[in-house]
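Scroll down for the structure; my scribbles are underneath it.
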Amino acid sequence: MSDQIQFIVEKLNQEPFRKNYNLITFDSLESVQLLQLLNDVLGEIDSKHAVDIREELPEQTAKRMLSLLGILKYKPPGNISDLSTFRQGLVTGSKPVIHPVLHWLLQRTNELKKRAYLARFLVKLEVPAEFLQDDTVADINKQYEELMEAFKNLHKECEQLKTSGLSTAEIRRDISAMEEEKDQLIKRVERLKKRVETVQNHQRMLEIARQLRLEKEREESLAQQKHEQKNQLFHAEQRLQRAQLQLKEMHHAVVDSKPESLMKKLEEEINFNSYLVTEKIPRELESKKNSVYLLQKVVAEPAMSQSDLNGVEMKINEVNAEMNQLIEKRMMKYEPINSKFSMYRQQASIISRKKEAKAEELQAAKEEMSSAERQMLQKTSQAQELEGADVLKGDEFKHYVNKLRSKNTFYKKKRLEIAEITAEYGILQRTEELLKQHHEALQQQLQAVEEKKGISGYSYTQEELERVSAVKSEMDEMKGRTLDNMSEMVKKLNAMVAEKKASLAPVIKELRQLRQKCQELTQECDEKKIQYDSCAAGLESNRSALEQEVKALLEEHVQEESNYHYINCVKRNLEVQLQRAKEEMKVYVSPDPQERRKAIREQYTRIILEQENLGKKLREKQKVVRENHGPNMKQIKMWQDFEQLMQCKRECFLKQQNQTAIGQVIQEGGKDRLVL
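Take 1 as the starting number for the sequence shown in the UniProt record's numbering and just add one per residue.
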């Protein structure tokens, strides 16, 4: 406890509190001062709680502190039964309650600040279910939940960026490196401009190069548009194929079937959908809501230790065992073995389980079929995008395999040639190294000879003059070739522009035709969709009418069945009562006294007489007890006094024996001394 108080005093004397306490002053704080100190610590964690507790009622202060401690997931020491004591101690400012709270808060201040900040945005407001029936309230609640999820994602990204390791120094270094690269590029562009300015007609050439770049960009955009138009056309063809397939299926269904079969199929689909809507989906939704409510309740509760979890598990096991025992007792009491209702109920439960299993299997089969159709369409589209046509079949596939084999042999031949060239390149590289070494040795010998003759550096100067003259001649040739190349480039650019225009003309024409075809297909698809929607609307109206009729008949059936069961039960009760009345009359009017004694009236009369006799005996006994109460109490008092007297005599006798034994010991000691 002293270590705990010392830790609290040290933390309070530091920033941001700076209270200048010692152990004595802190221990001498009153309850109001302790509460204010706790409130200051909570205000440091959450700024909303930085208030003066003297300006609010004690109940409001306790409620506010308890709510924040619950958000921070503080668990009071002790068992669950001590929670009321904790609340009372928090209201009164008790030291055994406030000190552990301060110690817990000051140990993890930064973590609790973060938790309090997140609680402002992540503690969900509970809206009653009846208010959520309003569309406006439901939309606002949905937006609120979406914003909460967005805040969670942004907070996670922020934390990841904080812990990603990117520092400002690294960013500054990257910026400085990018600025240096920018300066180098600017200098390079300026040098290139200066070199181009010496060439004749450089402005015209730059304009032509700019037009070439624009035409290339336009070509890329047109190619991209062509690719997009192809994709749109492919998707439109797929939609058309699906629509045609659906139309063909509907035609087959109409031609091959009769109105009775169509109505039967619709009734089966309606029954399945109504089962999903009325029974399966509401049950699953209710179970999901219950699980979500339980999870929210678990999250809202403070953190639990392993011992608490073990205790809760033991309680759950005990409650489950008790429930099973009660269920068995109820079954033994209300559902005997010979009852037919138990058999019917078991059969009904088995049928309902089978029904649920079949519904789930049907739902899974539908989902699997839809996923398989989607995968088939994706694979078809991928194949058409890769090959530009349909999947190869038969002779085309064989021709494609032969082509691949020929390409494979050609690839192996070229690979052997590359290996031979690589080996020859290694030999030449080694020869070059040997020649370089020989050349360096000759240069060293030449330098030694020049130093002996007194003309050192002659060979190097001569090589430099030859190299400069060669470079000058190469530059002159390069300038001439540059002008020729520029003129040839201009001609090639003009030819390429004309060629690209000529090659793009049929593509643009084809694209126009494809657009027109796409518009026609879209219009036809819209018409088919309108026809389908009208047919579906008619079938839907018929289905709704049938559903209403079936629902009314079911309600009437249930009502009549309940009336039947009620009347049947009333009839059985009346029959039992009538039978008992007949038996009672028969026994009561019987001339035999033995039979008459078996009558209920005679039995109750006999019981009443026995109870009256018993009451008389008890009243007489009570009277005797009242009369003897006073003398008996006196006798008890006398016996108690006698017991005290005997106890006192016993104590006196024991004391006298102890004194006699001590006197004898003293006398024996005196005699021993005299003998000595």
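For every residue, glycine included, the Cβ atom is placed at its ideal position computed from N, Cα and C.
- Here the alpha carbons of GLU424 and MET478 stand approximately 33 Å from one another.
- Around the beta carbon of GLY630, a 10 Å sphere encloses fewer than 16 other beta carbons of the protein chains shown; the residue is thus reported as exposed.
- CA-to-CA, the gap between ARG572 and TYR564 works out to about 12 Å.
- Residue nearest to LYS528 within the set MET250, GLU488, ASN494 is MET250 (criterion: CA-CA distance).
- For the 7 Å CB-CB criterion, ALA138 and LEU132 form a contact.
- Around the C-beta of GLY89, 16 or more other C-beta atoms lie within 10 Å, and the residue is accordingly described as buried.
- Rounded to the nearest whole angstrom, the C-alpha separation of GLU463 and VAL189 is 34 Å.
- For a cut-off of 8 Å, the C-beta gap from GLY93 to SER28 is around 14 Å, too long to register as a contact.
- Taking C-alpha positions only, TYR604 is separated from PHE642 by approximately 54 Å.
- Around GLU219, the same chain offers LYS500, LEU504 as residues with beta carbons nearer than 8 Å, after the five sequence neighbours per side are excluded.
- By the criterion of at least three beta-carbon pairs nearer than 8 Å, the region 2–14 is in contact with the region 94–112.
- ALA116 is positioned such that its CB atom lies closer than 7 Å to that of ASP46.
- In the structure shown, THR198 falls within a coil segment according to DSSP collapsed to helix, strand and coil.
- DSSP, read as helix, strand or coil, puts GLY615 in helix.
- In this chain, the alpha helix (DSSP H) harbouring LEU42 covers 31–45.
- Rounded to the nearest whole angstrom, the C-alpha separation of GLU356 and SER370 is 21 Å.
- In the structure shown, the three-state DSSP call for GLY630 is helix.
- Counting other Cβ atoms within 10 Å of its Cβ, TYR21 reaches 16 or more and is therefore classed as buried.
- Comparing alpha-carbon positions, the option among GLU561, GLN225, MET65, GLU260 lying closest to VAL91 turns out to be MET65.
- Between the alpha carbons of ASN310 and LYS73 lies a gap of roughly 20 Å.
- PHE151 counts as exposed, since fewer than 16 other C-beta atoms from the protein chains shown sit within 10 angstroms of its C-beta.
- Proximity to LEU122 across LYS379, GLU433, VAL299, ASN568 peaks at VAL299, based on C-alpha coordinates.
- For LYS114, the uninterrupted alpha helix (DSSP H) run begins and ends at 109–122, by DSSP.
- Per DSSP, the unbroken alpha helix (DSSP H) holding ASP27 starts and ends at 23–27.
- By the criterion of a C-beta distance shorter than 6 Å, ALA348 is surrounded by no residue of its chain, once the five residues flanking it on both sides are discounted.
- Straight across, the Cα-Cα distance linking PRO506 with ARG512 is about 10 Å.
- Its chain contains LEU23 as the residues whose beta carbon lies nearer than 8 Å to that of GLN6, once the 5 sequence neighbours on both sides are disregarded; these appear in chain order.
- Distance check between ASN494 and each of ASP174, ILE53, GLU207 places GLU207 closest, using alpha-carbon atoms only.
- HIS227 counts as exposed, since fewer than 16 other C-beta atoms from the protein chains shown sit within 10 angstroms of its C-beta.
- Distance from the CA atom of LYS95 to the CA atom of HIS49, rounded to whole angstroms, is 21 Å.
- Under a 10 Å Cβ-count criterion, LEU34 is classified as buried, with 16 or more other Cβ atoms of the shown protein chains found around its own Cβ.
- As the crow flies, the alpha-carbon of GLN523 is around 54 Å from that of LYS182.
- Distance from the CA of PRO282 to the CA of SER274, rounded to the nearest whole angstrom, comes to 11 Å.
- A straight-line Cα-Cα distance of about 14 Å links ASN271 and GLN363.
- Annotated as distal: ALA365 and LYS280, with beta-carbon spacing of 7 Å or more.
- Cα atoms of PRO128 and GLU149: separation of roughly 21 Å, rounded to the nearest angstrom.
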